[in-house]
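Under this note's numbering, the first residue of the sequence shown carries the number 23, and numbering increases by one thereafter.
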Amino acid sequence: MSYASSGTPAAARAPDFDDDIERLDAAARRALRAVGATRPRTAVLALPATLGAEGRVSRWPGRPSWRGRRPAAELAARWNTAPLVRDDALLAGYAEARSGHRTRAGLLYLGIGTGVGGAWLPPRPADTPPEGPDELRPCEAGHLVVRPDDGPLCDCGQYGCLQAYASGPALLRAAEARGEAAALAEAADACALAVAAIGELLPFATIVLGGGVGATRADLAAALSARLPRRTRRGSTLPEVVPAVHGTAGSLAGALLLALHAGPPEHPSAPDAAARRGGADTARTLETAEGDPRT
23 MSYASSGTPA AARAPDFDDD IERLDAAARR ALRAVGATRP RTAVLALPAT
73 LGAEGRVSRW PGRPSWRGRR PAAELAARWN TAPLVRDDAL LAGYAEARSG
123 HRTRAGLLYL GIGTGVGGAW LPPRPADTPP EGPDELRPCE AGHLVVRPDD
173 GPLCDCGQYG CLQAYASGPA LLRAAEARGE AAALAEAADA CALAVAAIGE
223 LLPFATIVLG GGVGATRADL AAALSARLPR RTRRGSTLPE VVPAVHGTAG
273 SLAGALLLAL HAGPPEHPSA PDAAARRGGA DTARTLETAE GDPRT
């Protein structure tokens, strides 16, 4: 099994749908040539975008040119294999839930990087891993408003979102304006407020921090743990905050696991029909969203 990525930093990419698809296609074909194959048997597309009817992108502030486009159908027409499309944070949470974390009482994954994504695994009868990613639920944790009255503007158009405090770009802006210590404290408090609110609605005993910021800044995890007692309801059981086993590669790890879980290949009569069904095969995984702007 092999995988490909474009190898180009997100900041250097022109936010153009057609250019992005060309890059993805070129990366996939390089990977296929490396293993002597002509078409992928399975492809997985990890996206932070919101998808609507027929797989059309309905929202992705970081890549507005993708709105209204159908990435899975475009790639299926090129590869004769319909990619399985999943939320990137959901795939990362799936990989983490299969990597030894306690799952019996529920698990919340927070991917903190260019943006903030989330995924939730409901409580289970025992500490058993999920069989597939669809046992988890994606949650737009980054767009939970934690300070509605005086919060900074988020790229989604709202004020005071968690992502406006705790994402990598937000932390850099805050550090330049107020210093690194103040920026970290502000981000940790915003995370604690968000976690406390989510915890009132969804049960979980473990919080896994992943993404380019969450997986690499142990001080953020420590600061979040320290602030949770102040932000959660008195008498609540505090969740344990742990680092992601897969570090910054959680979405890729989840995509690989999904490809293995996908089952035997389907052979559609037309790529577009395959794209509508979402069917796929099994040997090549393409993860695209690591490091890209999230909704």
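Where a beta carbon is used, it is the ideal one built from N, C-alpha and C, also for glycine.
Going by beta carbons, Arg159 and Ala141 fall inside the 8 Å limit. The C-beta separation of Gly133 from Ala104 comes to about 25 Å, leaving the pair out of contact by the 8 Å criterion. When secondary structure is reduced to three states using DSSP, Trp88 falls in the helix class. Excluding sequence positions up to five before and after Pro147, its CB lies within less than 8 Å of the CB of Arg126, all in the same chain and listed in chain order.
Beta bridge pairing from DSSP links Asp109 with Leu69. Restricting attention to alpha helix (DSSP H) runs no shorter than 4 residues, the stretch 154–188 encloses them at 185–188, ordered along the chain. Around the beta carbon of Ala65, 16 or more other beta carbons lie within 10 angstroms, which makes this residue buried. In this structure, the straight-line span from the alpha carbon of Gly236 to that of Arg256 is close to 26 Å.
In this structure, the CA atom of Ala59 is about 13 Å from the CA atom of Ala49. Judged by DSSP in its simplified three-state form, Thr270 adopts helix. When DSSP reads this structure, Gly139 sits in a beta bridge with Gly133.
Ser80 sits exposed, since fewer than 16 C-beta atoms from the chains shown fall within 10 Å of its C-beta.
Within the model, the alpha-carbon separation for Ala245 versus Ala205 is close to 11 Å.
The beta carbon of Glu118 sits closer than 7 Å to the beta carbons of Tyr131, Val230, Gly232, Ala266, Val267, His268 and Gly272 from its chain, once the five residues preceding and following it are set aside; these are given in chain order. Secondary structure of Arg81 (DSSP, three-state): strand. The three-state secondary structure of Gly232, taken from DSSP, is strand. Residue nearest to Pro225 within the set Gly128, Leu260 and Trp88 is Gly128 (criterion: CA-CA distance).
Between the alpha carbons of Gly84 and Phe39 lies a gap of roughly 11 Å. Within the same chain, Pro155, Leu158 and Gly276 come within 6 Å of Tyr116 by CB-CB distance, once the 5 residues on both sides are set aside. Shown here, Val263 sits in a strand according to DSSP, grouped into three states. Secondary structure at Asp211: helix, using DSSP grouped into helix, strand and coil. In the three-state reduction of the DSSP assignment, Leu224 falls in the coil class.
Secondary structure of Arg195 (DSSP, three-state): helix. Exclusion of the five residues before and after Asp241 leaves Leu206 as the residues of its chain whose Cβ lies within less than 8 Å of its Cβ.
Of the other Cβ atoms in all chains shown, 16 or more fall within 10 Å of the Cβ of Thr136; this residue is therefore buried. The beta-carbon distance between Pro152 and Arg120, rounded to whole angstroms, is 7 Å. This is short enough to meet the 8 Å contact definition.
Residue burial annotation: Glu76 is exposed, with fewer than 16 other C-beta atoms found within 10 angstroms of its C-beta. Setting aside the 5 residues that flank it on each side, Ala196 is surrounded in the same chain by Tyr187, Ala204, Ala205, Glu208 and Ala209, each with a C-beta closer than 8 Å to its C-beta; the list follows chain order. DSSP places Ala148 in the coil class of the three-state scheme, outside both helix and strand. Note on Leu175: under 16 other CB atoms within 10 angstroms of its CB, so exposed under the neighbour-count rule.
Taking 8 Å as the cut-off, the Cβ atoms of Leu184 and Val138 count as close. Within the same chain, and ignoring the five residues on either side of Ser247 in sequence, the residues whose Cβ sits closer than 7 Å to its Cβ are Val263.
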